[in-house]
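Numbering (our numbering), first residue to last: 20 to 465.
Here the structure is laid out as structure tokens; the discussion comes afterwards.
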């Protein structure tokens, strides 16, 4: 299925490059670089050879990348010229292990490490068959066909950037315009000149576009819909796109899940704004007693690479750690993560519920809620806010909002204005790091 995603000459050149570098069946090829067609060609070449591609997050520090390379057992490191210095730092710290890597089995094709927002990153191993199943689900869920024109700006080192639109569109014969990395001006230029029919965005990118001076005057008429995922999308951002006549579809998933698991079809985007949607074709979804999303499907990972636990329970369900509710019409709505759940005095508090309210304030550029230890209540919610440039947080107005729409026990015990929130490459808040930062702020200097 993926043989035709790049021109044959480019795929042949990548294959020759791998063979010249001594890549064998079962070997892991690490890739470090911005988005490029060479990465996609290397994926095709790895499938031909029976090797595994490991795309690396170039935003990580050299020491972090070295740990991933060594844990994976990568035998080769390739990439784009602009990453030569970083690659050198990685190689100075990590020992490559050429040959077939321990833990790789026939059919494995793609190894992607989780973002590690709650701990050490784990490597999710995906098979070629699983990736094909994911592409089939993505094509059906988004109505992709040979007429589709995808503007691809998210990092291909993440499952979302690679497998929600880019690979599926190419597999079905559509066109893809690949940007090395997201740049709002280049995005607006491409929408004006290339006229894409769809694009995949995350909330941080959506916000950058909505707040850009070109937003109001941009001609977005070619966009049949945009897709979003990776985290709960603030309804204010959805409303901004809908006001411009662009439906915001959604894909729920994770590094381990393909990632296409629950989808909000473009046709339902306006009527079900903010919902994750319905099970993707070929995916089974079940909610545990506590509301945790459990998944089964051919597009899920084979398992965690070189980890004792596979990530699946005895019945074959993958436990996502995300919490959801299912509405009467069958649509799922993600309400938060079980690990983010704050239990204060025996009451459950979902950070996303508070954050969605705070995001309505015009002076708030970004926000996050974390639970901090409390002697009386066990833990209490604390709100961190990034003010919009030129604005000052209106604490009184925010308190009135809480009084009107939140139970008293859910009110943040403290509101802290910060310069920036620690985030992953896809814009997910690193809550553990934020909690440490807030705790450290209250400690007396040594």
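Every residue gets a Cβ at the ideal spot worked out from N, C-alpha and C, and that includes glycine.
Predicted model, so just to flag it, every value in this text is computed and none were measured.
Continuous beta strand (DSSP E) assignments of at least 3 residues falling wholly in the segment 200–245 | 217–220
If we count Cβ pairs, one from each stretch, closer than 8 Å, do we get three or more for the segment 84–98 versus the segment 33–47?
-> These segments touch.
Would you mind sorting residue 346 into buried or exposed? The rule is 16 or more other CB atoms within 10 Å of its CB.
-> exposed
Where residue 164 falls, given that 16 or more other Cβ within 10 Å makes a residue buried | exposed
Would you identify the three-state DSSP class for residue 136, choosing helix, strand or coil?
-> Per-residue confidence for residue 136 stands at a pLDDT of 46, beneath the threshold of 50, marking its modelled position as unreliable; no derived number is given.
In chain order, which alpha helix (DSSP H) runs of at least 4 residues are fully inside the segment 109–164?
-> 147–161
Among 232, 428, 184 and 456, which one has its Cα closest to the Cα of residue 440?
-> 456
Nearest candidate by alpha-carbon position, reference residue 264, set 285, 279 and 278 | 285
For residue 5, which three-state DSSP category applies?
-> Since the first and last residues shown for the chain are 20 and 465, residue 5 lies out of range.
Outcome for residue 136 when other beta-carbon atoms lying within 10 angstroms are tallied against a minimum of 16 = At residue 136 the pLDDT is 46, less than 50, meaning the model places this residue with poor confidence; the figure from the coordinates comes in the next sentence. So residue 136 ends up on the buried side.
Hey, how far is the Cα of residue 115 from the Cα of residue 283?
-> 42 Å
Outcome for residue 418 when other beta-carbon atoms lying within 10 angstroms are tallied against a minimum of 16 | Exposed, by the Cβ-count rule.
Quick one: what does DSSP say residue 465 is sitting in, helix, strand or coil?
-> Its pLDDT being 47, under 50, residue 465 is placed unreliably by the model, and nothing is read from it.
Look at the alpha carbon of residue 316 and the alpha carbon of residue 277, and state the distance between them as a whole number of angstroms.
-> 9 Å
Member of 23, 194, 193 and 199 whose CA lies at the smallest distance from the CA of residue 66 | 23
Member of 78, 37, 77 and 25 whose CA lies at the smallest distance from the CA of residue 59 = Out of 78, 37, 77 and 25, the CA that lies nearest to the CA of residue 59 is found in 25.
Since residue 171 sits in a beta bridge, which residues does DSSP pair it with?
-> 197
Whole-number beta carbon distance between residue 296 and residue 287, since they are thought to touch under 8 Å = 7 Å
Taking residue 49 as part of the beta strand (DSSP E), name the residues at either end of that continuous run.
-> Note, residue 49: beta strand (DSSP E), 47–51.
Only counting runs of 3 or more residues, tell me where the beta strand (DSSP E) segments fall wholly within the segment 291–352, in order along the chain.
-> 302–306, 311–316 and 337–345
Starting from the Cα of residue 438, find the closest Cα among 430, 410 and 414 and give me that residue.
-> 410
Nearest-angstrom Cα separation, counted from residue 281 out to residue 377 = 26 Å
Closest residue to residue 449 among 140, 130 and 33 (Cα-Cα distance) | Sorting 140, 130 and 33 by C-alpha distance to the C-alpha of residue 449 places 140 at the top.
Can you list, in chain order, the stretches of the alpha helix (DSSP H) that have 4 or more residues and sit fully within the segment 55–119?
-> 56–68, 81–91 and 103–112
Using 10 angstroms around the beta-carbon of residue 121, count the other beta-carbons present and answer buried if the total reaches 16, otherwise exposed.
-> exposed
Whole-angstrom distance between residue 130 and residue 70, CA atom to CA atom | So the two alpha carbons sit approximately 10 Å from each other.
Cβ pair residue 360, residue 311 closer than 7 Å = no
Under the DSSP definition of a beta bridge, which residues are partnered with residue 393?
-> For residue 393, which the question treats as bridged, DSSP gives the partners 397.
Which residues mark the beginning and the end of the beta strand (DSSP E) in which residue 269 is found?
-> Per DSSP, residue 269 belongs to the beta strand (DSSP E) from 267–271.
For residue 385, three-class secondary structure by DSSP = strand
From 63, 89 and 108, pick the residue whose C-alpha is nearest to that of residue 80; which is it?
-> 108
Cβ-Cβ separation, residue 373 to residue 425 (assumed contact under 8 Å), whole Å = 7 Å
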